[in-house]
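Okay, so here's the structure we're looking at.
Numbering (my numbering), first residue to last: 159 to 271.
If you want it as structure tokens, here you go:
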């Protein structure tokens, strides 16, 4: 069971992460649960887990994100800010599409007609 103070800290960390990504990343990326990225080449943050494990981005955030294209500035964040960004990004990830379910076989005991 998570205590109330721990929940408050977790919520604060998530909110701090949201503020950071809106300020630094929202010019190009969709950083919320909905919407398109202002820069069509910048992936929405809510879809990043389909390409990368979100936790694996922590080192890049701490050492400097370098995307290889000139439109993206280099960002370097403090360890606490990295934790906040990762926490927020994990909170907005879309669920992977569910596999289509197999149709149920016909019940041989049912009578047709």
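Where is the CB? At the ideal position from N, CA and C, for every residue including glycine.
One question on the structure: do residue i and residue j come within less than 8 Å of each other, judged by their Cβ atoms?
i, j, result
"residue 171", "residue 242", "yes"
"residue 251", "residue 204", "yes"
"residue 212", "residue 173", "no"
Please identify the residue among the options whose C-alpha is closest to the C-alpha of residue i.
i, options, result
"residue 236", "222, 204, 206", "222"
"residue 202", "183, 219, 217", "183"
Please list, in chain order, all residues of the same chain as residue i whose beta carbon is under 6 Å from its beta carbon, the five residues on each side excluded.
i, result
"residue 197", "186"
"residue 229", "none"
"residue 189", "179, 180, 183, 203"
From the DSSP output, in three-state form, read off residue i for me.
i, result
"residue 260", "In this prediction, residue 260 scores a pLDDT of 47, lower than 50, which makes its location untrustworthy; the coordinate-derived value is nonetheless stated afterwards. DSSP places residue 260 in coil when its eight states are reduced to three."
"residue 235", "coil"
Could you name the residues of the same chain whose beta carbon sits closer than 8 Å to that of residue i, not counting the 5 residues immediately before and after it, in chain order?
i, result
"residue 178", "235, 239, 242, 243, 246"
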